[in-house]
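Count along the sequence shown from 1, add 215, and you get the number used in the numbering used here.
Positions of the beta carbon are idealized from the N, C-alpha and C atoms, including for glycine.
Down below is the structure, laid out as structure tokens.
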Amino acid sequence: MAQDQALPASLMGQLNRYSDAVLAIIIALIIALLIIPMPSAIIDALLVFNIIVAVVTLLTTMYNKEPLEFSIFPTYLLISTLFRLGLYISTTRAILSLGSAGSVVDAFGSIIIGDNYVVGIIIFLILVIVQFIVITSGTSRISEVAARFTLDAMPGKQMAIDADLNSGILTEVEAKDRRRVVQREADFYGAMDGASKFVKGDATAGIIIAIVNLVGGFIIGATQQGMSLIDSMQTFGRIAIGAGLAIQIPALLLSTASGVVVTRMSSDSDLGQDLSRQLLAQPRGLMLAGVLIIAFGFAPGLPKIPFLLLGGAASAAAYYVNRVALNKPALDERAVTEPETPASDNLIEMLQIDPMELEIGYSLVPLVDPDQGGDILDRITLMRRQVAIDLGYIVPPIRIRDNIQLPSHEYRVKIKGVDIARGTVYLDQLIAIDSGTTSGKVEGIDAIEPAFGLPARWIYPERREEAEVLGYTVVDPTSAVITHVSEIVKKYAHELIGRQDVQSMLDNVKQNYPIVVDELVPGVLAVGEVQQVLQNLLGERVSIRDMVTILEALGDHARMTKNIDILTENVRAALGRNICRQHQSEDGKLDVVTIDPLIEKEISEAVEYTDQGISIALDPDIMQKIVIELSNVLEKAFSTGRAPAVLASANTRRALRKIIERKLPNLAVLSYNEIAPEFELQSVGMVSLR
């Protein structure tokens with residue numbers, strides 16, 4: 216038994232190993248068909264092979280779940296068209312020289328034509344016209360439109376991938392795979408646009424060659440073989456039409472396969488399953504159709520039996536489908552995320568507050584139900600991993616629970632039991648984000664993108680390509696929620712990190728660098744003081760992943776001062792290279808906005824370091840003017856495609872950050888001490904009150 220199972224696997228392995236040689240033999244055979252006269256037996260075998268290949272191709276396309284599963288199809292169409300051309304030439308040569316093209320052609324001619332070759336000609340013409348005008352023309356048009364829309368949508372898809380990568384939804388490897396798929400889609404539909412012309416030309420060639428065989432055979436039979444006009448017409452008419460049908464029927468199947476490929480959208484199931492599921496999704500429509508057909512059966516003059524039988528069958532099928540849907544056990548969606556009620560005597564657990572919670576309305580429960588396609592739990596895990604890589608902080612587990620008091624399509628994020636942000640998503644729609652470069656307005660519902668507050672529109676999936684062509688960045692509801700949660704995590708990471716987290720990080724460093732930890736904690740700084748430094752860093756989105764460098768910098772300066780703000784500035788200087796790389800532009804330079812020395816002097820004179828932190832005794836009007844002027848300079852820089860940081864002296868950096876953080880919370884403020892030598896500065900403006 217094991218040997219029987221191993222034999223097919225071994226055979227497939229050998230075929231894959233020598234597939235290039237097999238393809239070369241097929242091409243050589245096609246060339247031979249074009250040049251060398253073939254015996255009738257070989258022509259018969261090749262005609263049967265052509266039919267088998269066409270049937271297999273059509274069935275393969277029906278079982279594919281997405282077009283790229285048959286990405287070689289355009290090249291396959293070219294080779295099959297060349298193969299049929301060889302069959303046309305071989306059969307034409309045999310018909311005109313021998314008066315016969317083998318038993319397969321004779322069988323097609325006899326069965327289809329019978330004793331009336333005029334009927335055969337009409338059937339052949341109908342077959343070719345249906346292929347040429349209906350299937351081939353439609354396929355060609357769809358291929359052309361799909362190629363254009365796919366190419367136009369590429370920039371939007373690439374931006375969506377970059378957004379998912381930046382928000383931590385995708386890893387670098389997954390993003391590369393997604394980009395490769397987008398490129399393959401563009402290549403595939405572009406190739407299909409050209410390959411559909413092969414099918415169209417094949418249908419035209421079939422008509423011309425059949426006419427040549429018919430007219431040429433008629434002339435040869437009447438002039439060279441001594442047949443009467445009627446005998447010549449019947450003999451060569453049957454052979455010519457039989458040859459045309461034997462070759463055009465497989466061509467029709469391949470045309471249909473081309474149409475299936477270019478009209479097929481990505482799905483989790485094959486075509487048959489999609490058809491049965493979607494056609495039977497509304498049993499009321501099937502029931503009404505059955506009743507209507509039964510009514511036709513009672514109309515005068517119409518045959519009753521077929522109408523009543525088929526109408527009854529449709530009604531019975533609708534009744535069965537509807538009954539199955541009603542008896543299907545409903546999923547207790549609330550059980551997916553609702554935690555168990557604690558025992559009445561275990562009140563301590565009721566007092567515990569989760570570091571971070573995501574509450575969802577009832578309609579959003581499918582987001583966390585794997586049986587309904589929800590993958591938000593897996594994507595939150597990926598997001599936490601990406602935040603750990605970017606910031607060096609392991610986000611605590613995020614509890615997800617449903618809340619029936621929320622509007623059904625709304626969610627909210629809580630940190631330590633307090634509402635931080637809310638958002639609204641619709642699971643049956645996509646959110647199209649206006650990045651400011653759109654060339655039109657897509658039909659949909661006006662909205663605000665929850666993560667960054669950008670103008671957006673909720674659209675239905677069928678308008679996705681239209682929106683991407685217009686320049687919108689289109690994301691699915693789960694991605695919108697994940698991006699929002701990711702931004703909240705980054706914004707409030709300094710509040711989430713606790714002493715226990717810091718102690719765990721110290722224990723981890725101590726395994727490989729025990730001296731670094733023992734020299735600092737607890738003899739010089741307490742865990743709480745280290746926590747405050749890390750909170751200051753995370754508050755400005757500075758990664759704390761390089762804990763060894765952070766602890767060594769604290770060890771170097773903590774004996775001289777215990778002021779947390781000063782220690783933070785010393786740590787930032789030690790992390791300068793990483794900080795600069797984080798804000799480096801695409802051209803390798805560090806775009807910065809500088810501060811007028813007079814402003815820095817005023818700020819420096821107004822700064823006082825106390826045990827409670829930094830204190831700024833500066834006129835509020837001056838602080839307001841600094842913020843306004845800085846906003847104007849930044850707006851000019853953003854209009855040129857630059858995203859600069861602010862550059863200040865080491866003495867005023869922290870104070871300047873406190874002045875602007877309420878109005879410009881995401882703006883990075885760097886000091887000259889943090890600029891590593893290898894980074895080239897490029898000033899894009901100066902803040903001045905003069």
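Quiz item: Is H699 near P665, with beta carbons less than 8 Å apart?
Solution: Sequence index remark: in the sequence shown, residue 699 carries index 484 (1-based). Sequence index remark: in the sequence shown, residue 665 carries index 450 (1-based). Contact flag set, yes.
Quiz item: Start and end of the alpha helix (DSSP H) containing D617?
Solution: For the purposes of this step, residue 617 is taken as residue 402 along the sequence shown, with counting starting at 1. First-last for D617: 614–617, but that is the beta strand (DSSP E), not the alpha helix (DSSP H).
Quiz item: Ends of the alpha helix (DSSP H) at Y278?
Solution: As a working mapping, residue 278 is identified with position 63 in the sequence shown. That run of the alpha helix (DSSP H) goes 255–278.
Quiz item: The beta strand (DSSP E) with A647 in it runs from where to where?
Solution: In the sequence shown, counting from the first residue as 1, residue 647 sits at position 432. First-last of the beta strand (DSSP E) with A647: 645–648.
Self-check item: Local conformation of E893 per DSSP, three classes
Solution: Numbered from its first residue, the sequence shown carries residue 893 at position 678. Here E893 sits in coil by DSSP.
Self-check item: Simplified DSSP assignment, three categories, for R308
Solution: In the sequence shown, counting from the first residue as 1, residue 308 sits at position 93. Here R308 sits in helix by DSSP.
Practice problem: Could you name the residues of the same chain whose beta carbon sits closer than 8 Å to that of Y824, not counting the 5 residues immediately before and after it, in chain order? | Solution: On the sequence shown, residue 824 is found 609 positions in, with the first residue counted as 1. Closer than 8 Å at the Cβ level, and outside the excluded window around Y824, lie N778, D780, I781, S830.
Exercise. Would you mind sorting Y278 into buried or exposed? The rule is 16 or more other CB atoms within 10 Å of its CB.
Key: For the purposes of this step, residue 278 is taken as residue 63 along the sequence shown, with counting starting at 1. With fewer than 16 other Cβ atoms within 10 Å, it is exposed.
Exercise. Identify the continuous beta strand (DSSP E) that holds S578 and give its terminal residues.
Key: Mapped onto the sequence shown, residue 578 falls at position 363. Note, S578: premise wrong, no beta strand (DSSP E); not H, not E.
Quiz item: Going straight from the alpha carbon of V757 to that of Q797, what length do you get?
Solution: In the sequence shown, residue 757 corresponds to position 542, counting from 1. In the sequence shown, residue 797 corresponds to position 582, counting from 1. Near 9 Å, if we compare the C-alpha coordinates of Q797 and V757.
Quiz prompt | Where K391 falls, given that 16 or more other Cβ within 10 Å makes a residue buried | solution = For the purposes of this step, residue 391 is identified with residue 176 of the sequence shown, where counting begins at 1. K391 should be labelled exposed.
Quiz item: What are the boundary residues of the beta strand (DSSP E) that D584 is part of?
Solution: Taking the first residue of the sequence shown as position 1, residue 584 is located at position 369. Unbroken run through D584: none, as it is neither H nor E.
Practice problem: Go to L766, then tell me how far its beta strand (DSSP E) extends in each direction, as first and last residue. | Solution: The residue labelled residue 766 in the question sits at position 551 within the sequence shown. No beta strand (DSSP E) contains L766, which is instead part of the alpha helix (DSSP H) from 762–772.
Self-check item: Beta-bridge partners of S886, as assigned by DSSP
Solution: Walking along the sequence shown from the start, residue 886 turns up at place 671. Answer by DSSP bridge pairing, in chain order: A863.
Practice problem: Using the Cα positions of M720 and I595, report the straight-line distance between them to the nearest angstrom. | Solution: Your numbering for residue 720 matches position 505 in the sequence shown. Your numbering for residue 595 matches position 380 in the sequence shown. Going by the C-alpha atoms only, they are around 22 Å apart.
Self-check item: 7 Å Cβ shell around P611 - same chain, five flanking residues per side excluded
Solution: Counting from 1 along the sequence shown, the entry for residue 611 is found at position 396. The answer, listed in chain order, is P570, M571, L711.
Quiz prompt | Boundaries of the alpha helix (DSSP H) in which L735 is found, first to last residue | solution = Looking up residue 735 in the sequence shown gives position 520. Note, L735: alpha helix (DSSP H), 729–735.
Self-check item: For Y687, the three-state DSSP class (helix, strand or coil)
Solution: Your numbering for residue 687 matches position 472 in the sequence shown. The answer is coil: DSSP assigns Y687 none of H, G, I, E or B.
Self-check item: Validate contact between the stretch 841–850 and the stretch 876–893 using beta carbons, cut 8 Å, 3 pairs
Solution: yes
Quiz item: Alpha carbon to alpha carbon, what distance is there between R760 and L735?
Solution: Locating residue 735 in the sequence shown gives position 520, where the first residue counts as 1. Locating residue 760 in the sequence shown gives position 545, where the first residue counts as 1. Taking the straight line from one Cα to the other gives about 18 Å.
Quiz item: Are the Cβ atoms of Y534 and I635 separated by less than 8 Å?
Solution: Counting from 1 along the sequence shown, the entry for residue 534 is found at position 319. Counting from 1 along the sequence shown, the entry for residue 635 is found at position 420. Taking 8 Å as the Cβ cut-off, Y534 and I635 do not qualify as a contacting pair.
Self-check item: L769 and V742 closer than 8 Å at C-beta
Solution: For the purposes of this step, residue 769 is taken as the residue at position 554 of the sequence shown. For the purposes of this step, residue 742 is taken as the residue at position 527 of the sequence shown. It is not a contact, given that the beta carbons lie outside the stated cut-off.
Quiz item: Tell me which same chain residues have a C-beta within less than 8 Å of the C-beta of L249, skipping the five on either side of it?
Solution: Stepping through the sequence shown from its first residue, residue 249 is reached at position 34. So the list reads L300, G301, I304, once near-sequence residues are dropped.
Self-check item: Top-ranked residue by Cα proximity to I765, from S286, N793, M775
Solution: As a working mapping, residue 765 is identified with position 550 in the sequence shown. Here the closest residue by C-alpha is N793.
Self-check item: Element boundaries [beta strand (DSSP E), containing K873]
Solution: Here residue 873 is taken as the residue at index 658 of the sequence shown, counted from 1. Premise fails: K873 lies in the alpha helix (DSSP H), 868–875, not in any beta strand (DSSP E).
Practice problem: Look at the alpha carbon of L293 and the alpha carbon of I619, and state the distance between them as a whole number of angstroms. | Solution: Along the sequence shown, one-based indexing puts residue 293 at 78. Along the sequence shown, one-based indexing puts residue 619 at 404. When rounded, the distance between both Cα atoms is 58 Å.
Practice problem: Can you tell me which of the three DSSP states R792 falls into? | Solution: Taking the first residue of the sequence shown as 1, we reach residue 792 at position 577. Looking at R792 - three-state DSSP - the assignment turns out to be helix.
Quiz item: The alpha helix (DSSP H) spanning S830 covers which residue range?
Solution: Within the sequence shown, residue 830 is the residue found at index 615, counting from 1. Run containing S830: none in the alpha helix (DSSP H); it sits in the beta strand (DSSP E), 828–831.
Quiz item: Across which residues does DSSP place I805 in a beta bridge pair?
Solution: For the purposes of this step, residue 805 is identified with residue 590 of the sequence shown, where counting begins at 1. Note on identity: in this sequence residue 805 is Leu, with Ile being the wrong assignment. In DSSP, L805 forms a bridge with L896.
Quiz prompt | From A466, A425, E389, A420, residue whose alpha carbon lies closest to that of L262 | solution = Taking the sequence shown and counting its residues from 1, one reaches residue 262 at position 47. For the residues A466, A425, E389, A420, the minimum Cα distance to L262 belongs to A466.
Practice problem: Count the other CB atoms, across all protein chains shown, that sit within 10 Å of the CB of P859; report buried if there are 16 or more and exposed otherwise. | Solution: As a working note, residue 859 is residue 644 in the sequence shown. Flag for P859 reads buried.
Self-check item: P670: first and last residue of the uninterrupted beta strand (DSSP E) it sits in
Solution: Locating residue 670 in the sequence shown gives position 455, counting from the first residue. P670 -> beta strand (DSSP E) spans 670–674.
Exercise. Compute the Euclidean distance between the alpha carbons of D321 and I240, then round it to the nearest angstrom.
Key: In the sequence shown, the residue the question calls residue 321 occupies position 106. In the sequence shown, the residue the question calls residue 240 occupies position 25. Going by the C-alpha atoms only, they are around 28 Å apart.
Exercise. Please report the residue range of the beta strand (DSSP E) in which A662 lies.
Key: Position 447 of the sequence shown, counting from 1, holds the residue named residue 662. Counting along the chain, the beta strand (DSSP E) containing A662 begins and ends at 660–663.
Quiz item: For E702, which of K656, T653, R637, Q746 has the nearest alpha-carbon?
Solution: The residue you call residue 702 lines up with position 487 of the sequence shown. Ranking the options by Cα distance to E702, first place goes to R637.
Quiz item: So which of L523, L833, E817, I890 has the shortest CA-CA distance to S903?
Solution: What you label residue 903 is simply residue 688 of the sequence shown in a count that begins at 1. Checked all of L523, L833, E817, I890; the closest Cα to S903 is E817.
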